[in-house]
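Undergrad: Just passing along the structure, written as structure tokens.
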Amino acid sequence: MLGAGPAYTDRPGASGASYLVQSDGVAVLVDLGQGSFPRIFPELEPSRLAAVLVSHLHPDHFVDLVALRHYLRYEFMPPRRIAVHADAALAARLDGLHGQPGFTAEALDVVALAPGVREVGPLRVEAARVTHTADSYAFRLSANGGGSGLVYSGDVGRAEDLVPLIRPGDALLVEASFGAGPVEPAAQHLNGPAVGTLAAATGAGRVLLTHLQMGHDVDETVASVRAAYGGPVVFVEPGYRTEI
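Counted from 1, the sequence shown has number 123 at position 124 by numbering that gives the first Met the number 0; the numbering is strictly sequential.
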């Protein structure tokens, strides 16, 4: 876990959403929110990333792509490149931020997301649309040979949107923005009770909670998940590691 924070927080050391998944020497980054780019370096040299997956175009999930682009563009001669699987509007969003057409394309190859399965080296990536922005995705990552996977919710307003991705035994890396609840009307986020109900209904192997908004208590949030779900529940912080 490189970063697990929301758009803003008072938690020391927090940074925007970013999760590094590695399998058989291939590394994929899922989201790259504010402040998380420097945390890649202790794990691997960033140009070695096989791809970046971006769940949706809110800055706390993608804005450090600017730092990654600069690094690839100016640290190497010739510049290096990385594929970014994201909403097709990503390049225009980053280009507009800098007022520079072609800014993104100098180092990042944007691959438009769509529901379905794609392969990145030994990883099988399944994408499904979820309720949040007009074009938001959740992902299931697993080894091509099968077995348990990691389901990442991104930001999602309806827990049931994740059901098609989840197989029994999967680890759920899922947002719990509103803690023990309730969720503010029209917020399009989850709380702990919704996560617990989802995990119990789908036979998840464990729950990794992330993206907790400022003002919500970690212990209360974990307890609200455990009230509905009997498996392991962990609130993840930057630096947390696990094996699937």
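Cβ coordinates follow ideal geometry from the N, Cα and C atoms, glycine included.
Judging by CA-CA distance, which residue of S54, L19 and E242 is the nearest neighbour of V27?
TA: It is L19 whose Cα lies nearest to the Cα of V27.
Undergrad: Put S145 into one of helix, strand or coil per three-state DSSP.
TA: In the sequence as presented, Ser is not what sits at residue 145; that position holds Gly. It is coil, neither helix nor strand.
Undergrad: Should the region 44 to 58 be regarded as contacting the region 81 to 98, the criterion being three or more beta carbon pairs within less than 8 angstroms?
TA: Counting Cβ pairs under 8 angstroms, three or more are found: they touch.
Undergrad: Residue range of the beta strand (DSSP E) that F61 falls in?
TA: Premise fails: F61 lies in the alpha helix (DSSP H), P58 to F61, not in any beta strand (DSSP E).
Undergrad: Restricting to Cα atoms, I'd like to know which of Y7, T8, D9 and G15 is closest to M0.
TA: Selected option, being the one with the closest Cα: G15.
Undergrad: On the three-state DSSP scale, how would you describe P47?
TA: Sequence check: residue 47 is Arg here, not Pro. Three-state DSSP puts R47 in a helix.
Undergrad: Can you give me the Cβ contacts of S35 inside the same chain, cut-off strictly under 6 angstroms, excluding the 5 residues immediately before and after it?
TA: Same-chain partners within the cutoff: L1, G2, S14, G15, S17 and D63.
Undergrad: Quick one: give me the first and last residue of the beta strand (DSSP E) that G115 is part of.
TA: Counting along the chain, the beta strand (DSSP E) containing G115 begins and ends at G115 to V119.
Undergrad: Counting along the chain, where does the beta strand (DSSP E) carrying E244 start and finish?
TA: Because the chain here runs from 0 to 243, residue 244 falls outside it and cannot be looked at.
Undergrad: Could you tell me the boundaries of the alpha helix (DSSP H) in which E242 lies?
TA: Segment: none, E242 is in no alpha helix (DSSP H) and carries neither H nor E.
Undergrad: Just checking my contact of L43 with V124 at CB under 8 angstroms: how many whole Å lie between their CB atoms?
TA: Going by Cβ atoms, the distance from L43 to V124 rounds to 19 angstroms, so no, they are not a contact pair.
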